[in-house]
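Read through the structure below, which is laid out as structure tokens, and then see the notes.
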Amino acid sequence: MKSIKLSLSLALIATMAFAEEKTSDIGMSANMSITSNYVWRGMTQSHNSAAVQGGVDLDYKGLYVGVWGSNVDFSDDKNSLEADVYAGYTGELEGIGFDIGAIQYIYPNMSDEYNFAEVYFGLSKEWEKFGLSAKYSVGVDTDDLDPEDYWEVGASVKLPYDIGFAASYGDYDNIGTNYSVGLNKSFEKFDLSVAYIDFNHDTDSSSDEDNVVATLSFSF
Numbered sequence: 003m004k005s006i007k008l009s010l011s012l013a014l015i016a017t018m019a020f021a022e023e024k025t026s027d028i029g030m031s032a033n034m035s036i037t038s039n040y041v042w043r044g045m046t047q048s049h050n051s052a053a054v055q056g057g058v059d060l061d062y063k064g065l066y067v068g069v070w071g072s073n074v075d076f077s078d079d080k081n082s083l084e085a086d087v088y089a090g091y092t093g094e095l096e097g098i099g100f101d102i103g104a105i106q107y108i109y110p111n112m113s114d115e116y117n118f119a120e121v122y123f124g125l126s127k128e129w130e131k132f133g134l135s136a137k138y139s140v141g142v143d144t145d146d147l148d149p150e151d152y153w154e155v156g157a158s159v160k161l162p163y164d165i166g167f168a169a170s171y172g173d174y175d176n177i178g179t180n181y182s183v184g185l186n187k188s189f190e191k192f193d194l195s196v197a198y199i200d201f202n203h204d205t206d207s208s209s210d211e212d213n214v215v216a217t218l219s220f221s222f
């Protein structure tokens, strides 16, 4: 009887340990930020006004899912919110990081024809004081919308006093190109960044944009 009880106890302990190990493999993080202007791919999404943003992410051995939201203002409609839902897998192969996934952009107060999705693939490489990245996003066609593809390349440099420099260039098919240069600084769980962002439309019917954006982010 004692041996049976001992076996049951060991089995229970092993099961609990396995469950605890599985639970510990699941990571959860959240983020919040305040920005002077919500600029996406070079274009303001908040009518050149401030925005409050936040999201939650879950990850398990490279797999991840997340939600993110922000207030928006397109001036000529009633929408005031953007909500994004995404999932993917990230890892590293031969020292090169990769990220593949899909994202759905949702505007709750607008008709369904404004909502759209993308699938994306990104690569990154980090050295001691330098980093490179590239990402390609493919718009998913629907009956209501035929979103364009977008690609972007970026570089980062670690400067003295734990200050970072970042630059990027992106091309949104048939819409326009953008570039950004900026500085960032981390303070424990806070991140402060300031960037100059320029956008050039492909057509004369829309105005080009240039913005200086300051963002304070908090992660936990």
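Throughout, the numbering used here is defined as the position within the sequence shown, counted from one, plus 2.
Note that CB positions come from ideal geometry on N, CA and C, so glycine has one too.
(request) Quick one: measure Cβ to Cβ for Asp86 and Val74, integer angstroms, because I've assumed they're closer than 8 Å. (result) Not confirmed; about 11 Å, so no contact.
(request) Using the Cα positions of Trp42 and Ala53, report the straight-line distance between them to the nearest angstrom. (result) Answer to the nearest angstrom: the Cα atoms are 12 Å apart.
(message) Out of Ser182, Val121, Phe132 and Gly71, which one is the CA nearest neighbour of Ile108?
(response) Ranking Ser182, Val121, Phe132 and Gly71 by Cα distance to Ile108 puts Gly71 first.
(request) Output yes or no for whether 8 Å exceeds the beta carbon distance between Ile28 and Tyr62. (result) Taking 8 Å as the Cβ cut-off, Ile28 and Tyr62 qualify as a contacting pair.
(request) From the DSSP output, in three-state form, read off Asp75 for me. (result) If DSSP states are grouped into helix, strand and coil, Asp75 belongs with coil.
(request) Label Ile199 either buried or exposed according to how many other C-beta atoms from any shown protein chain fall within 10 Å of its C-beta, with 16 as the threshold for buried. (result) So Ile199 counts as buried.
(message) Using 8 Å as the threshold, is the C-beta distance between Ala104 and Val121 below it?
(response) The answer is yes: Cβ separation under 8 Å.
(message) What does the alpha-carbon distance come out to for the pair Glu23 and Gly64?
(response) Model confidence at Glu23 stands at a pLDDT of 49, short of 50, so the residue's coordinates are unreliable; what they give is reported in the following sentence. Spanning the alpha carbons of Glu23 and Gly64 requires a straight line of approximately 16 Å.
(request) Assuming Asn33 and Asn50 form a contact by the criterion Cβ under 8 Å, report the distance between their Cβ atoms to the nearest whole angstrom. (result) The C-beta distance from Asn33 to Asn50 rounds to 23 Å, too long to meet the 8 Å contact threshold.
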